[in-house]
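Enquirer:
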Amino acid sequence: MQQNPAFSLNWLLTVGEVAERSGLAVSALHFYEVKGLISSIRTRGNQRRYGRDVLRRLGIIKVAQRVGIPLAEIQAAFETLPQGRTPTVEDWKRLSALWKNDLDARIKQLSLLRDHLTSCIGCGCLSIEACPLRNPFDVLGKDGVGARLLEPDA
Ligand code: FES
């Protein structure tokens with residue numbers, strides 16, 4: 007929580023107002039604040055107050071989470087935005103373009119997993135060698151057999 011003299015207390019929102027307008031629980035707002043996704047200032051009575059840009063940031067968080075963007079990636083993207091300014095349409099275009107490749111890769115991976123699921127239905131073996139879901143891409147297997155992570159020089 008930083009003090010920003012540019013904020014007027016009349017312009018700021020209480021945590022309850024932000025919760026009501028965003029449709030998020032107060033606990034979610036506190037969580038996002040702890041994670042550095044949103045920020046507030048404190049009144050003399052030690053109450054949180056949020057700039058109105060927080061509503062747009064929360065909107066972006068909700069949309070990004072809906073498409074599966076991890077909070078850490080959302081946070082990294084937000085770090086490229088100036089504090090105290092509402093993210094603009096141009097900001098959203100840039101952020102969404104950043105996440106598109108990630109999303110495409112995830113969709114491709116999930117499609118592969120979905121296609122392999124058919125062979126697992128009713129099987130239950132979960133075999134490391136045979137099950138495409140247990141070991142979908144056999145990444146370490148390309149380097150050799152055995153517990154590869156326990157033998158870094160192998
Ligand atoms: S559970 Fe047997 S192949 Fe996946």
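Numbering-wise (the working numbering), the sequence shown opens with residue 7 and increments by one. The C-beta atom is built at its ideal place from N, Cα and C for all residues, glycine as well. Since we're looking at a predicted model, the values are computed, not measured.
#1: Can the beta-carbon of D59 be found closer than 8 Å to that of T86?
#2: With DSSP as the reference, label P11 as helix, strand or coil.
#3: Does the beta-carbon distance from L77 to V24 come in below 8 Å?
#4: As an exercise, report each continuous alpha helix (DSSP H) stretch of at least 4 residues that is fully enclosed by the region 33-76, in chain order.
#5: When you compare each of A82, L118, D110 to L101 by their alpha carbons, which one comes out closest?
#6: Out of I134, L139, L116, K114, point me to the one whose CA is closest to S125's CA.
#7: With DSSP as the reference, label L19 as helix, strand or coil.
#8: Let's see if you can read the secondary structure: which residues bound the alpha helix (DSSP H) around T86?
Expert: Concretely, from the data shown:
#1: On the sequence shown, position 53 is the one that residue 59 refers to. On the sequence shown, position 80 is the one that residue 86 refers to. Cβ distance not < 8 Å, so D59 and T86 don't count as in contact.
#2: For the purposes of this step, residue 11 is taken as residue 5 along the sequence shown, with counting starting at 1. Here the model assigns P11 a pLDDT of 48, short of 50, so the residue's position is not dependable, and the following value carries that caveat. Note: P11 maps to coil in three-state DSSP.
#3: Numbered from its first residue, the sequence shown carries residue 77 at position 71. Numbered from its first residue, the sequence shown carries residue 24 at position 18. Cβ atoms of L77 and V24: not closer than 8 Å.
#4: You should have 59-72.
#5: Here residue 101 refers to the residue found at position 95 of the sequence shown. Of the candidates A82, L118, D110, A82 places its Cα closest to the Cα of L101.
#6: For the purposes of this step, residue 125 is taken as the residue at position 119 of the sequence shown. The candidate whose alpha carbon is nearest that of S125 is L139.
#7: On the sequence shown, residue 19 is found 13 positions in, with the first residue counted as 1. L19: strand per DSSP, three-state reduction.
#8: Mapped onto the sequence shown, residue 86 falls at position 80. No alpha helix (DSSP H) contains T86, which DSSP labels as neither H nor E.
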